[in-house]
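Some notes on the structure that comes next.
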Amino acid sequence: MLTKLLKYDFKAIFKYWWIAAISSIGLSVLGGGGLMLMNAEMDLPAVVSMTVISVLILVVLSFSVFVILSMILVIVRFYKNFFTDEGYLTFTLPVRRTQLLNSKLIAGGVVTVATYLICAIDVFILLFCGIGGENLFGFLGELFTSVTRTMEPFGLLFWLELLVLFAVWLVFSLLLPFCCVSFASVLTKKARVITAIGLYYGINTMISFLLQLFFFFGLSSLMDWLYSVPQGMAQPLVILILFGAILLVSVFCAVLYAVQYWMLDRKLNLA
Amino acid sequence: MKKYLITFSMMLVLILSFGSSALAMSKAEAQYQLSEDLQTLYYGNTAYYPVDTSELVLYWQELDQTVALSDTQRQTIKDVTLYADGQGVVIEATIQYTSGTRMITTYLRSDCFSDYQDVMSDEGYYEVDFGWPSNNIVTYDKSGYFGEKEKISGYILEWGDVYFVYKTNTSLSRGIGGLIVNDDEYYYLDFKENQTDSEHFYYEEKDLFGYRITDPELISRLDVAKAAYYSEDVGFLYDDNLSQSVSAVLLCVVFGLIPLGILITCLILMLRTKKTYKKIFATICILSVAELAVFTIVATIIAMSQ
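Heads up: the sequence lines are chains H and F, in that order. By this note's numbering, the letter at position 104 of the first sequence is numbered 112, and the numbering carries on one by one without gaps. By this note's numbering, the letter at position 273 of the second sequence is numbered 293, and the numbering carries on one by one without gaps.
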């Protein structure tokens, strides 16, 4: 039954998502062409230079717009499927609440990963046209090997942990707006959208403040502490710290999941 | 009648003030001139001659005045843009040729050549400006203050506080090296000896060499300047001990207290609920316990190595 739920979720989201994706790639190709033109060292007229620069600014803006649009499509799908008239049908389906929630999470996760992949392709196209393929691949290869070498013999484990951390953070970044929408629907009847946006903005601001505090105070202290451990202990310590971060974010995800489930189960207000 | 008189007086004042300011501006509009061989720049009776200013510390401002070009010069030169340092001692002229090429030349005022010789020599007094509070400067003579030349480790370069050392006088200033402060140790790194400069020495991949400062009198003056820097309202933010304490508290709260609170809450709720809720709370408890275990191990390792 989960696959059927996913099918309709993907259908609803991808109906509009693919247009934004194609536009984003198209704009990045245009931007790449503009970069190649500027790198050609031709004496371009001022009007042409201004147009190329405007296109490049538009391209960079389009990345943000595309990411935001994808997130909005996922959240709107969640909201419409649970908290509007459509919700009456959704909750009469012979599926568990957890399956309904999981299908939204899985669909949202897949769409978000696809969005980041498209953005990566866009950036790749721009960099390829801007600095050339050789330089780009050289830089990426060097970055990968230098980090892997630094983390020897835990190089691959380090990259794997980063991937898992990204996945867990992705789940958290989906559950948070879901919870805000659910809270808003529980708290108010009329101003659900504004309340949800306000809640999400408030919580995000708090998280950003904590992260900024950490980067201001904690990062240099962490580096000092890593330097002070005995030789050979630094790499396993980094692996442990990453593992701890994965577990911490997983705890927060699980808490949000529990809260979301409870709201869907006991506090749903479709009136 | 009175109304007309007031209006007429106001208009007269306006016209006179516009006229006089225009006259004043036109009279003050002195221009720069370049000699035909471009080796001299004139401004009124003041002459400027070309010098190499690559080692000087200069803060440029674009000048509003233009360069009056002769008819011969106008055949090859399209435009000249001038920048001056704050004191007007050095002027940078960017000469745009009609062929599309460009040449940048820096000129020094003729009465400042002795200052230039002074600042370019390695003899004399050096200044270290700690930057905060104002006039927190330590002056010293390079000779006899330093220990043996030694390799400066990457750790010190990266994590030490760096203050630039200048050779300076009333007109000009040259960045000659860096003072690196690592806890209670001071190192002087000479740019010329290391074939680097203020912009690049942070990123050099080759080994860098410097001198540990050993003179007790100089060290005590540097200690006073450093203490003054950290004693100001903003300086405490750069105190390593404070930042370590704050980050330790922050990490303990985020990685320790919050998961512990979640664990206790979910344990209680798990005992009072059934089915799906029980499973969810059990998962949260397991994750919290694992996270607390990892945090305890990491904190123990770090604490034992301090």
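Glycine included, C-beta positions come from ideal geometry on N, C-alpha and C. Computed from a predicted structure; not experimentally measured.
Judged by their CB atoms, F:Val185 and F:Val148 are nearer to each other than the 9 Å cut-off.
Excluding residues up to 5 positions away in sequence, Thr114 lie with their Cβ nearer than 6 Å to the Cβ of F:Thr101 in the same chain. Nearest Cα to H:Val68 within the set H:Val259, H:Leu134, H:Ile249 and H:Ile27: H:Leu134.
If you ignore the 5 residues before and after H:Arg105, its C-beta comes within less than 7 Å of the C-beta of Tyr269, Leu272 and Asp273, all in its own chain and listed in chain order. Between the alpha carbons of H:Phe71 and H:Ile80 lies a gap of roughly 14 Å. In this structure, DSSP gives H:Gln220 a helical state, which the three-state scheme calls helix. In this structure the segment 212-219 of chain H does not lie against the segment 84-104 of chain H, because fewer than three pairs of beta carbons, one per stretch, are closer than 8 Å.
Beta-carbon to beta-carbon, H:Phe260 and H:Phe174 are separated by about 15 Å, too far to satisfy the 8 Å threshold. Collapsing the DSSP output to three states places F:Phe28 in a helix. Scanning chain F for C-beta atoms nearer than 7 Å to the C-beta of H:Val263 yields Ile282 and Ile304, reported in chain order. Secondary structure at H:Gly34: helix, using DSSP grouped into helix, strand and coil.
DSSP places H:Pro102 outside both helix and strand once states are collapsed to three, so it counts as coil.
Contact check for F:Tyr160 against F:Leu238 passes: the beta carbons are separated by less than 9 Å. Taking a Cβ-Cβ threshold of 9 Å, none of the residues of chain H is close to F:Ala245; the smallest such distance is about 22 Å. The residues Ser32, Ile33, Ser36 and Phe71, in chain order, have a CB closer than 7 Å to that of H:Asp130 in the same chain once the five nearest residues on each side in sequence are set aside. Put simply, the CB of H:Ala266 is near chain F, with a gap under 9 Å to one of its CB atoms. Nearest CB-CB separation between H:Thr98 and chain F: not below the 9 Å threshold. By the neighbour-count criterion, in which a residue is buried when 16 or more other Cβ atoms sit within 10 angstroms of its Cβ, H:Ala115 is buried. Note on geometry: alpha-carbon atoms of F:Leu89 and F:Glu112 lie some 16 Å from one another. Legend: CB atoms of the segment 220-241 of chain H lying less than 9 Å from CB atoms of chain F belong to residues Leu221, Phe222, Phe224, Phe225, Gly226, Leu227, Ser228, Ser229, Leu230, Met231, Asp232, Trp233, Leu234, Tyr235, Ser236, Val237, Pro238 and Met241. Beyond the five residues adjoining it in sequence on each side, H:Leu38 comes within less than 8 Å, by CB distance, of Val63 and Val67 in the same chain, given in chain order. F:Phe211 sits in coil when the DSSP states are folded into three classes, being neither helix nor strand. When DSSP states are grouped into helix, strand and coil, F:Tyr222 belongs to the coil group.
Residue contact check for H:Leu134 against chain F: no CB pair falls below 9 Å.
Contacts with chain F (Cβ-Cβ distance below 8 Å) from the segment 239-258 of chain H involve Met241, Leu245, Leu248, Ile249, Phe251, Gly252, Leu255, Leu256 and Ser258, listed in chain order. Counting every other CB atom within 10 Å of its CB across the protein chains shown gives H:Thr123 a total of 16 or more, marking it as buried. The beta-carbon distance between F:Ser191 and F:Cys132, rounded to whole angstroms, is 5 Å. This is short enough to meet the 8 Å contact definition. H:Asn89 carries a helical assignment under DSSP once its states are collapsed to helix, strand and coil. Looking from the CA of F:Arg194, the closest CA among F:Tyr79, F:Thr96, F:Ala313 and F:Ala310 belongs to F:Tyr79. Scanning chain H for C-beta atoms nearer than 9 Å to the C-beta of F:Thr296 yields Arg104, Arg105, Thr106, Tyr269 and Asp273, reported in chain order.
If you check the CB distance, F:Tyr207 and F:Arg232 come in under 9 Å. Every unbroken stretch of the beta strand (DSSP E) spanning 3 or more residues and falling wholly within the segment 225-306 of chain F is given here in chain order: 228-233. Beta-bridge annotation (DSSP): F:Leu76 is paired with F:Arg194. Taking 8 Å as the upper bound for CB-CB distance, F:Gly230 and F:Ile200 are in contact here, some 7 Å apart.
Comparing alpha-carbon positions, the option among H:Phe147, H:Ser229 and H:Lys112 lying closest to H:Tyr265 turns out to be H:Lys112. Taken through DSSP and simplified to helix, strand or coil, H:Lys23 comes out as helix.
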